[in-house]
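Trainee: The sequence shown begins at 1 in our numbering and counts up by one. Take a look at the following structure, please.
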Amino acid sequence: PVINDRSFGEDKYKVASFGVAYMKGMQDVGVMASAKHFPGHGDVSVDSHKDLPVINKTREQLDNLELYPFRELIKAGVGSIMTAHLSIPSIDTTANLPSSLSNKNVTGLLRNELGFQGITFTDALEMQGVAKFFPMGEASVMSLIAGTERLCLPGDIPCSIAKVKE
1 PVINDRSFGE DKYKVASFGV AYMKGMQDVG VMASAKHFPG HGDVSVDSHK DLPVINKTRE
61 QLDNLELYPF RELIKAGVGS IMTAHLSIPS IDTTANLPSS LSNKNVTGLL RNELGFQGIT
121 FTDALEMQGV AKFFPMGEAS VMSLIAGTER LCLPGDIPCS IAKVKE
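Now the structure itself:
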């Protein structure tokens, strides 16, 4: 898969266990950890740097696998979560809307349903999984409206600032 060795593996219990241990090790010495890529980037064949991956799993399938490590990290007190640029129709049916720009994903699922209270970051907004469908500046505004606090690599920063002010 695209995520390759940037993951603790395929077993949700192992991923959660390693993730929580790694997070606690970082946060115990004053470094805020970030769980990524929410709601789960492991099961795609398209690289979001190049295009928008689509995950056609049911919500039950997501709950059973992808969301499990995030639930465990949230319960353990992870300080931040980075959202992924994925199209997941079982979360939001809006065509070509990356989950990083989706209010249903960021506010609805992550904040309201899973109870995450930390800081949210987007993945790089310059990536084609977003930029292909949302010009610079527009993605920044949509991310903030979705409930994200921090924008990662928004591209044209003066344009993004102007769009946010609008």
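We put the beta carbon where it would ideally sit given N, CA and C, even for glycine. This one's a predicted model, so the numbers in the text were calculated from it and none came from an experiment.
What would DSSP say about I55, mapped onto helix, strand or coil?
Mentor: coil
Trainee: Since I119 is in the alpha helix (DSSP H), which residue starts that stretch and which ends it?
Mentor: First-last for I119: 119-124, but that is the beta strand (DSSP E), not the alpha helix (DSSP H).
Trainee: Between the alpha carbons of E126 and L144, how many angstroms are there, rounded?
Mentor: For E126 and L144, the distance between alpha carbons rounds to 16 Å.
Trainee: Among the residues of its own chain, which have a CB less than 7 Å from the CB of G9, if the five just before and after it don't count?
Mentor: V15
Trainee: Would you say E138 reaches chain D, if we count a Cβ-Cβ gap shorter than 8 Å as a contact?
Mentor: Checking the listed chains, one finds no chain D in this structure; it contains a single protein chain.
Trainee: Below 8 Å on the Cβ atoms is my contact criterion, and I expect L67 with G40 to pass it. Report the Cβ-Cβ distance as a whole number of Å.
Mentor: 7 Å
Trainee: Which same chain residues, not among the five before or five after L52, have their C-beta less than 8 Å away from its C-beta?
Mentor: V46, H85, L86, S87, N96, P98, Q128, G129, V130, K132, F133
Trainee: Could you tell me which residues DSSP pairs with R111 in its beta bridges?
Mentor: Per DSSP, none; premise fails for R111.
Trainee: For G79, which option in G25, L101, G155, P154 has the closest C-alpha, if you only look at C-alpha atoms?
Mentor: G25
Trainee: Excluding the 5 residues flanking A76 on each side, which residues of the same chain have their C-beta closer than 6 Å to its C-beta?
Mentor: So the qualifying residues of the chain are V20.
Trainee: What residue does the alpha helix (DSSP H) around M82 start on, and which one ends it?
Mentor: If you look at M82, you'll find it isn't in any alpha helix (DSSP H); it sits in the beta strand (DSSP E) that goes 80-83.
Trainee: With DSSP as the reference, label L62 as helix, strand or coil.
Mentor: helix
Trainee: Run through the DSSP bridge pairs and tell me what S34 is partnered with.
Mentor: S80
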